[in-house]
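Okay, so the sequence shown: first residue is 215 according to this note's numbering, each after it adds one. For each residue, glycine too, the CB sits at the ideal point set by N, CA and C. Because the structure is a prediction, the values reported are computed rather than measured. Everything below concerns the one structure shown next.
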Amino acid sequence: MTIIDEIPLARPVLGEAEEQAVLDVLRSGQLSLGPRVPAFEQAFAAVVGARHASAVSSGTSGLHLGLRAVGVGEGDEVVTSPFSFVASANAVLYERARPVFADIDPVTLNLDPAAAAAAITERTRALLPVHIFGYPADVPALEAHGLPIVEDACEALGAAHADGVPVGGRGHPAAFGFYANKQLTTGEGGMLVMGSAEHKKQVDSERNQGRAPDMGWLDHDRLGFNYRLSDVACAIGLAQLERLDDMLAARTRVAGWYRQALAGLARDRGLELPCEDRGGDRRGWFVFVVQLPAGTDRDGTIRALRELGVQSKPYLPAIHLMSFYRELYGHRPGEFPVAEDVADRSVALPFFPGLTQGQVGRVAEALERVLA
Ligand SMILES: Cc1ncc(COP(=O)(O)O)c(C=O)c1O
């Protein structure tokens, strides 16, 4: 049976502004290394209160260049969260450094500062907190160690720390991602923001095959990559920035509807909802992930939701238990019990700005039926 009105997991907000922006670039004839790149960088930096920004081809390439900027190299250790999309750990491996995982806080699902502190050794070269599901990681606590910090802010556009500083505005290199399910999309793409002009110089060179800005054509003075973002993508990004406040407000509204609609399941059946903002922190809503009550058949729940016309998915699996990481480092279940428990029970529900209150109600009803 085909379900024609299946509620999807995510759907970007795109309209005439984006269409016009793309047409303008096509008609200009300058599809790459053109004026939209610095325009998008400057506008984005202003939104998150960063001094500098470099547009890059993905959130992952932003993380990679951020790690290189703070000097992570072969044999170094980088303390990070096992409860993340695999890219945050992979970026460490690109430099032949080792991601050293530390367990997460059971409420915010972000790196637990005490666990991170315990994982630091003389080989630790940097800390890589992930603002998971858009909830700000406790970067201020991590700053106490005096180590370089690279932030994975791929899911956290619109988030802010308790002291009012937006995520990405603390001066550390912080990578944002613009894949199609993100708060702002360019299809594929990313932005590395940072406080240091030296870092910006290095990142701009390394995203462009190691070319120094003051050098002649095709003169490359260091190893680099092709991590550029095209003018077409930057033009879409600029159009998306114009509607960012509305898109973020819509996500917050949808999250509020979910809280209401799922309050009964949370109260009566032990369904766990994303934590409320605490102590002045502000989440930048990216996904609505619930944790099923212990002992629930998660895969069966996802299948049953699908039959009721609701897309959902396990989100996220713990990185250290993925086969590649197990084989590489010999990780085993039980090493990071909080992350493993959360990873086993998490389900992402449909979540995007255009989701209606009626659809949220349908998702909640379906979940109620399935969990009954
Ligand atoms: C937490 C996290 N880190 C890194 C990434 C990587 O971003 P991208 O897919 O743009 O490379 C993503 C996005 O998928 C993410 O959610």
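Beta-bridge pairing by DSSP links HIS434 to ARG425.
In this structure the segment 290-310 touches the segment 335-353; the number of beta carbon pairs closer than 8 Å is three or more. At least one heavy atom of ligand 1 lies less than 7 Å from the C-beta of ASP366. Between the segment 540-551 and the segment 489-506, the count of C-beta pairs closer than 8 Å stays below three; the two stretches do not touch. For the pair VAL577 and PHE347, the CB atoms are not nearer than the 8 Å cut-off.
If the five residues before and after TYR441 are omitted, its C-beta is found closer than 7 Å to the C-beta atoms of VAL270, SER271, SER275, LEU279, ARG421, all from its own chain and listed in chain order.
Under the DSSP assignment, THR322 falls outside any alpha helix (DSSP H); it carries neither an H nor an E label.
Look at ARG473 here: in three-state DSSP terms it is helix. Distances from the alpha-carbon of LEU581 to those of ALA475, ALA224, GLN423, ALA447 put ALA475 closest. Here HIS434 has GLN423, GLY424, ARG425 as same chain residues with Cβ atoms under 7 Å from its own Cβ, once five neighbours each way along the sequence are excluded.
The beta carbon of PHE258 sits closer than 6 Å to the beta carbons of ALA267, MET405 from its chain, once the five residues preceding and following it are set aside; these are given in chain order.
Distance between LEU323 and ALA469, taken at the CA atoms: about 17 Å. Checking the DSSP bridge columns, you'll see LYS415 has no partner listed. For GLU521, the enclosing alpha helix (DSSP H) begins and ends at 512-521. DSSP, reduced to helix, strand and coil, places TYR393 within a strand of the structure shown.
Assigned with DSSP and collapsed to three states, ASP326 falls in coil, not helix or strand.
Shown here for GLY438: same chain residues with a beta carbon closer than 8 Å to its own, the five before and five after excluded, namely SER419, GLU420, ARG421, ASN422, GLN423, GLY424, ARG425 in chain order. Bounds of the beta strand (DSSP E) holding GLN505 are 502-505. When LEU228, LEU281, PRO507, PRO327 are compared, the shortest CA-CA separation from LYS396 is found for LEU228.
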